[in-house]
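Just below is one structure, and these are the notes that go with it.
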Amino acid sequence: MKPAPFSLTFDGRRLTALPGQSIAAALWSAGILAWRTTRHGGAPRGAFCGMGTCYDCLATVNGRPNQRACLLPARPGDTVTTQEGTGHDG
Amino acid sequence: MTADLAVVGAGPAGLAAAVTAAGRGLDVTLLDAAERPGGQIHRHPARGPVPRPVRRLTRRLRGVTHLPAHHVWTVVRDGDTWLLHCVAGPDEAPATVRARAVLLATGAYERQLPFPGWTLPGVVGAGGAQAMLKGGLALPGRRVVVAGSGPLLLAVATTLAAAGARVPALVEAADYTAYARRLPALVRNPGKLAQGALHGGSLLRHTTRLLTRHAVTAAHGTRRVEAVTVARLDADWRPVPGTGRRVPCDVLAVGHGLVPQLELATGLGCATRRTPDGTPAVAVDGRQRTSVPGIWAAGETCGVGGAELARTEGEIAALCVAGDASAALARRRARLRAFADAMAAAHRPRPGWTDWLDDATEVCRCEEVTAGRVRHAVAELGALDARTVKLLTRAGMGWCQGRVCGQAVARLAGEDPAPDRRPLSCPVPLSQLAHLPEAGPEAGPAPEAPAPEAPGAE
Amino acid sequence: MSHVPDAVIIGAGVVGAACAYYASRAGLDVAVIDRGPVAGGTTGAGEGNLLVSDKEAGPELDLALLSIRLWRELADVLPPETEYEPKGGLVVAPDETALTALRAFAEAQRQAGVEAYEADADRLRDLEPRLAPGLAGGFHYPQDAQIQPAMAAAHLLRASGADVRPGEEVTGVLTDRQGAVRGVRTTRGDLHAPAVVNATGTWGGRIAELAGVHLPVLPRRGFVLVTEPLPPGLVRHKVYAADYIADVANGSAALQSSAVVEGTPAGPVLIGATRERVGFDRTLSTAALRRLAAQATALFPVLGGVRAIRAYHGFRPYLPDHLPAIGPDPRVPGLHHACGHEGAGIGLAPATGLLAAAALCGGRPALDVRPFRPDRFPEQKGPAA
Numbered sequence: 001m002k003p004a005p006f007s008l009t010f011d012g013r014r015l016t017a018l019p020g021q022s023i024a025a026a027l028w029s030a031g032i033l034a035w036r037t038t039r040h041g042g043a044p045r046g047a048f049c050g051m052g053t054c055y056d057c058l059a060t061v062n063g064r065p066n067q068r069a070c071l072l073p074a075r076p077g078d079t080v081t082t083q084e085g086t087g088h089d090g
Numbered sequence: 001m002t003a004d005l006a007v008v009g010a011g012p013a014g015l016a017a018a019v020t021a022a023g024r025g026l027d028v029t030l031l032d033a034a035e036r037p038g039g040q041i042h043r044h045p046a047r048g049p050v051p052r053p054v055r056r057l058t059r060r061l062r063g064v065t066h067l068p069a070h071h072v073w074t075v076v077r078d079g080d081t082w083l084l085h086c087v088a089g090p091d092e093a094p095a096t097v098r099a100r101a102v103l104l105a106t107g108a109y110e111r112q113l114p115f116p117g118w119t120l121p122g123v124v125g126a127g128g129a130q131a132m133l134k135g136g137l138a139l140p141g142r143r144v145v146v147a148g149s150g151p152l153l154l155a156v157a158t159t160l161a162a163a164g165a166r167v168p169a170l171v172e173a174a175d176y177t178a179y180a181r182r183l184p185a186l187v188r189n190p191g192k193l194a195q196g197a198l199h200g201g202s203l204l205r206h207t208t209r210l211l212t213r214h215a216v217t218a219a220h221g222t223r224r225v226e227a228v229t230v231a232r233l234d235a236d237w238r239p240v241p242g243t244g245r246r247v248p249c250d251v252l253a254v255g256h257g258l259v260p261q262l263e264l265a266t267g268l269g270c271a272t273r274r275t276p277d278g279t280p281a282v283a284v285d286g287r288q289r290t291s292v293p294g295i296w297a298a299g300e301t302c303g304v305g306g307a308e309l310a311r312t313e314g315e316i317a318a319l320c321v322a323g324d325a326s327a328a329l330a331r332r333r334a335r336l337r338a339f340a341d342a343m344a345a346a347h348r349p350r351p352g353w354t355d356w357l358d359d360a361t362e363v364c365r366c367e368e369v370t371a372g373r374v375r376h377a378v379a380e381l382g383a384l385d386a387r388t389v390k391l392l393t394r395a396g397m398g399w400c401q402g403r404v405c406g407q408a409v410a411r412l413a414g415e416d417p418a419p420d421r422r423p424l425s426c427p428v429p430l431s432q433l434a435h436l437p438e439a440g441p442e443a444g445p446a447p448e449a450p451a452p453e454a455p456g457a458e
Numbered sequence: 001m002s003h004v005p006d007a008v009i010i011g012a013g014v015v016g017a018a019c020a021y022y023a024s025r026a027g028l029d030v031a032v033i034d035r036g037p038v039a040g041g042t043t044g045a046g047e048g049n050l051l052v053s054d055k056e057a058g059p060e061l062d063l064a065l066l067s068i069r070l071w072r073e074l075a076d077v078l079p080p081e082t083e084y085e086p087k088g089g090l091v092v093a094p095d096e097t098a099l100t101a102l103r104a105f106a107e108a109q110r111q112a113g114v115e116a117y118e119a120d121a122d123r124l125r126d127l128e129p130r131l132a133p134g135l136a137g138g139f140h141y142p143q144d145a146q147i148q149p150a151m152a153a154a155h156l157l158r159a160s161g162a163d164v165r166p167g168e169e170v171t172g173v174l175t176d177r178q179g180a181v182r183g184v185r186t187t188r189g190d191l192h193a194p195a196v197v198n199a200t201g202t203w204g205g206r207i208a209e210l211a212g213v214h215l216p217v218l219p220r221r222g223f224v225l226v227t228e229p230l231p232p233g234l235v236r237h238k239v240y241a242a243d244y245i246a247d248v249a250n251g252s253a254a255l256q257s258s259a260v261v262e263g264t265p266a267g268p269v270l271i272g273a274t275r276e277r278v279g280f281d282r283t284l285s286t287a288a289l290r291r292l293a294a295q296a297t298a299l300f301p302v303l304g305g306v307r308a309i310r311a312y313h314g315f316r317p318y319l320p321d322h323l324p325a326i327g328p329d330p331r332v333p334g335l336h337h338a339c340g341h342e343g344a345g346i347g348l349a350p351a352t353g354l355l356a357a358a359a360l361c362g363g364r365p366a367l368d369v370r371p372f373r374p375d376r377f378p379e380q381k382g383p384a385a
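What follows is the structure, encoded as structure tokens:
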């Protein structure tokens, strides 16, 4: 049985994810490599270590900041937003 | 409720240990930070096919209490049992497990050596790229240069190529002929040789160029990686001037081998040893006992050596907890350890790699600390070790707590990396800490009662 | 033949660094030796509290007031990386009983020269908008400040121009036939000097022992919690609670403070520290973490959803009467001490350095040093209690 794809959004854009994919895998599959900017330099960052060690892939998911996108399973209807600074700003 | 054995980590070592211990009638709880068992090496998608070694073991997990998505942040003594405090699930809920014995099978993470441009999106860990591909069926691009050092690179390049990526070059800093000097260890491990040949063969079919004694010394691009510079290295891993050339790519998968994940063990006071590649690992005896009675360790935590060694050590540890031993397992362990040591020595980073760094290169990705600032702290401010560099620059003080930059910072400070000390092995919500169970007496004297004195602090 | 410095300072923590700075400024040529790196001991584990608010009127407060003035001067000399912040302290009282006690405490401090202003519940919210509701009131101490301790030590040392020798361990104190100090023996050889300053903090008792004198410095462990990076302004002052605690043991009552909660320029909020007499035990105390987290989230409920990413501990050096040992040791000519500051070493460092320098030069001390006399603890038989 082929698992059914579902959708989530990234900065308002609709993406398709496969069951079992992490948020980071879903973003990569859509060609998105960066979903955070650094606190000091404002540099773009995305998944680096891919296994939960480096925390570079921190994202705001459903309003909750600083989630490790490479570990967090994507769920239907998730809202992912680019995280700036500490994730608690604004 | 008290388990006979709590196993931390559901990779090859932890799975083998849990199954073996349960088979001996022990009441086993298996905790793992990931959603699915298998560890990094046997990542698999939720509804995709389960890798055979995992399938074989998970079938036998009946009778084992498996707690997935449980990140153990500390293990503390409580009377004659152990308490394992966890952050559980995506909601970071608190959980605590009590056990009479603990096996640490916390695995390893990838060693990274920084270079200019390594913070660009599209530069990813080699192990991470493989994990994301296996677990999430995702690739960040199509044209992937694989670089760094260690046997994992061959596996990564093969996996990527099999998934349809084009791998123009596999760039290995060490020289595979270094293995030749350790030939006896290799000859006793025919399985390893066959595996290596297999990787080589499938790569050839996909027209990958294998460059040994080379390194990616810079990544280029603005919003993402567009090309890398590949340069030849001398015996100390210094780039040979004039040999750099640009290779276009949209992904760089890079890593310099694996380093043991130690913080739960060091938090408990377990002794460590230095492995032949210069990294610390948990010291264990022939039956996987650490220096702390009641605490066992197995797998990569005791020194990186691959899945087969990890499974063997997991079984030995479980048998020991159950009061048993196996001479055949001990022989297999000795043979595989010797091979692992040979590999570690061959891929040990040579000191010249720091020549890849210019002063503007960020060494600490979290706190955006440059190599220039680290060098200033060492040369001008009296920092002799990674800890002092951290205090004087913030390198290693960010979210990852030095897991990514620690190895590099230690070497810039002129030392081999010290054993990791992180009393919290992952972030813990303050609300959880504030409501920790007021358990029985902990190790050591109880905290002192409020003293009648002027208010104060540090 | 290497030259002979005027003094050897043992210890490259913030106190040793301040001694070096003021001694150099007084014209002395000094060497600083440490078995580890700069700021490798308790300094590196400190939070950088420069506080007058937590000290009752007395000799330690006088030392703190002098230090606060000196830190303000030093802030102009040291580079911005030392993160000196004259942010002020805020001590809050959960209820009227605590507030009444705090009033009496602050009044005595004011007599001694401390600036302390009572803040009612509304004023508390102006000063710290994220504070929990329902607090009775508190006191604002504008003189309280903060600094990054390791940076402060490193840059004080650098500014001193001293010969800094990290990674060199003192194994003996050299004396002449009359028993006067003439230098130290180290793992790299002998270093001659007419004066030796013991600025080794928690390890001060050992150096005293090498010199043949008794100085009962003991370790007192403290844990600090560090949160994930947070936006600036979430916590604006150094904030802690003062509680009026009945002391069952002696039937009296005393003011007991909570952990200090403070923001840092780098983003994380620091929560510290606990106080435990457990020797040099390095294992994690979850009870200590629980207390820190409970106190911090009680003051700032917003922190409940924030994550701690790090915990660390240090060993405060304390002497039985909780005052430091500063100045020449009459038992061994040429031996000086500057240690035993308990949890206040960062704050008290400049005044200590100034007093130590005056003693080395034979000058007049800036304040009465008699309460800090190093020989005030009579030697006891058996191990130090």
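From first to last, the protein sequence lines stand for chains W, A and F. For what it's worth, the UniProt record's numbering labels the leading residue of the first sequence as 1, then goes sequentially. For what it's worth, the UniProt record's numbering labels the leading residue of the second sequence as 1, then goes sequentially. For what it's worth, the UniProt record's numbering labels the leading residue of the third sequence as 1, then goes sequentially. Each residue gets a CB set at the ideal place from its N, CA and C atoms; glycine is no exception.
Does any residue of chain F have a CB that is nearer than 9 Å to the CB of W/Asn62?
no
Under 7 Å by beta carbon: chain A residues contacting F/Gly305:
Pro429, Ser431
Say whether chain W places a C-beta atom closer than 9 Å to the C-beta of A/Cys86.
With 9 Å as the cut-off, A/Cys86 does not count as an interface residue toward chain W.
Select from the segment 210–236 of chain F all residues with a C-beta closer than 7 Å to any C-beta belonging to chain W, and list them in chain order.
Within the segment 210–236 of chain F, the residues whose Cβ lies closer than 7 Å to some Cβ of chain W are Glu228, Pro229, Leu230, Pro231, listed in chain order.
Please list the partners that A/Ala322 has in chain W, where partner means a Cβ-to-Cβ separation under 9 Å.
Those within 9 Å of A/Ala322 in chain W number zero; the least Cβ separation is about 31 Å.
Partners in chain A for F/Thr297, counting only beta-carbon separations shorter than 7 Å:
Ordered by position in chain A, the residues that pass the 7 Å Cβ test against F/Thr297 are Leu430, Ser431, Ala434.
Taking buried to mean at least 16 other C-beta atoms within 10 Å of its own C-beta, is A/Asn214 buried or exposed?
This sequence places His at residue 214 of chain A; Asn is not what is there. When all chains shown are included, A/His214 counts as buried.
For F/His140, the nearest candidate out of F/Pro149, F/Ala153, F/Ala93 (CA to CA):
Considering only F/Pro149, F/Ala153, F/Ala93, the residue with the shortest C-alpha distance to F/His140 is F/Ala93.
Taking Cβ positions only, does A/Pro90 come closer than 9 Å to chain W?
yes
Would you call the segment 335–343 of chain F in contact with the segment 296–312 of chain F, where contact means no fewer than 3 C-beta pairs closer than 8 Å?
no
Is it true that the segment 282–292 of chain A meets the segment 128–146 of chain A, where meeting means three or more beta-carbon pairs spaced less than 8 Å apart?
no
Can you check whether the CB of A/Leu5 is closer than 9 Å to the CB of A/Leu31?
No, these two residues do not count as a Cβ contact at 9 Å.
Might you give, ordered along the chain, the residues of its own chain that have their beta carbon closer than 8 Å to the beta carbon of A/Leu336, omitting 5 neighbours on each side?
Residues of the same chain with a CB within less than 8 Å of the CB of A/Leu336, apart from the 5 flanking positions on each side, are Asn189, Gly305, Gly306, Glu308, Leu309, Thr312 in chain order.
Own chain residues within Cβ distance below 6 Å of A/Pro248, not counting five before or after
Ala227
Using CA coordinates, which residue listed in A/Arg373, A/Gln407, A/Ala253 is at the minimum distance from A/Thr393?
A/Arg373
Closer than 7 Å by beta-carbon distance: list the chain C residues that pair up with W/Arg39, in chain order.
Looking at the structure shown, chain C is missing, and the protein chains on hand are W, A and F.
Taking all protein chains shown into account, do 16 or more other C-beta atoms lie within 10 angstroms of the C-beta of W/Leu18, making it buried, or fewer, making it exposed?
buried
Just tell me which of A/Thr159, A/Thr2, A/Arg36, A/Gly39 has its CA closest to the CA of A/Val102.
A/Thr2
For a test of your reading of the model: does the CB of A/Ala297 fall under 8 Å from any non-hydrogen atom of the ligand COA? Yes or no.
Among the ligands in the structure shown, none appear at all, so the ligand COA cannot be discussed.
With distances taken Cα to Cα, identify the nearest neighbour of F/Leu90 among F/Ala116, F/Gln111, F/Val184, F/Thr97.
F/Ala116
Taking the alpha-carbon of A/Thr222 as reference, which of A/Ala18, A/Pro116, A/Ala410, A/Ala418 has the nearest alpha-carbon?
Ranking the options by Cα distance to A/Thr222, first place goes to A/Pro116.
So with CB distances below 8 Å, who are the chain F contacts of W/Asp89?
Pro231
Could you list which residues in chain W have their beta carbon closer than 8 Å to that of A/Thr275, in chain order?
Chain order gives no chain W residues near A/Thr275, where near means a beta carbon separation below 8 Å; the closest approach is about 19 Å.
DSSP on A/Arg289, reduced to helix/strand/coil?
strand
Below 8 Å on C-beta distance, what does A/Leu424 contact in chain F?
Ala308, Ile309, Arg310, Ala311
Can you tell me whether A/Glu362 is helix, strand or coil according to DSSP?
Strand, per DSSP.
What residues from chain W crowd round A/Pro121, counting only those whose CB sits closer than 8 Å?
Simply Leu33, Ala34, Pro44, Arg45, Gly46.
Which residues does DSSP pair with F/Val32 in a beta bridge?
F/Ile9, F/Val164
F/Ala288 versus F/Asp54 - alpha carbon distance:
20 Å
Sheet register partners of A/Tyr109 (DSSP bridge)
A/Val259
Is there at least one Cβ from chain F nearer than 9 Å to A/Glu362's Cβ?
no
At least one CB of chain A closer than 9 Å to the CB of W/Glu84: is that the case?
no
Out of curiosity, what's the CA-to-CA distance linking F/Asn250 and F/Ala104?
Residue placement at F/Asn250 is flagged as unreliable, the pLDDT there being 47, under the threshold of 50; the coordinate-derived value follows with that caveat. Cα-Cα distance, rounded: 20 Å.
With a threshold of 8 Å, are at least 3 pairs of Cβ atoms found where one atom belongs to the segment 311–331 of chain F and the other to the segment 34–43 of chain F?
yes
Flag W/Leu15 as yes if its beta-carbon sits less than 9 Å from any beta-carbon of chain A, otherwise no.
no
Between the Cα of F/Ala108 and the Cα atoms of F/Ala145, F/Ala153, F/Glu56, which residue gives the shortest distance?
F/Glu56
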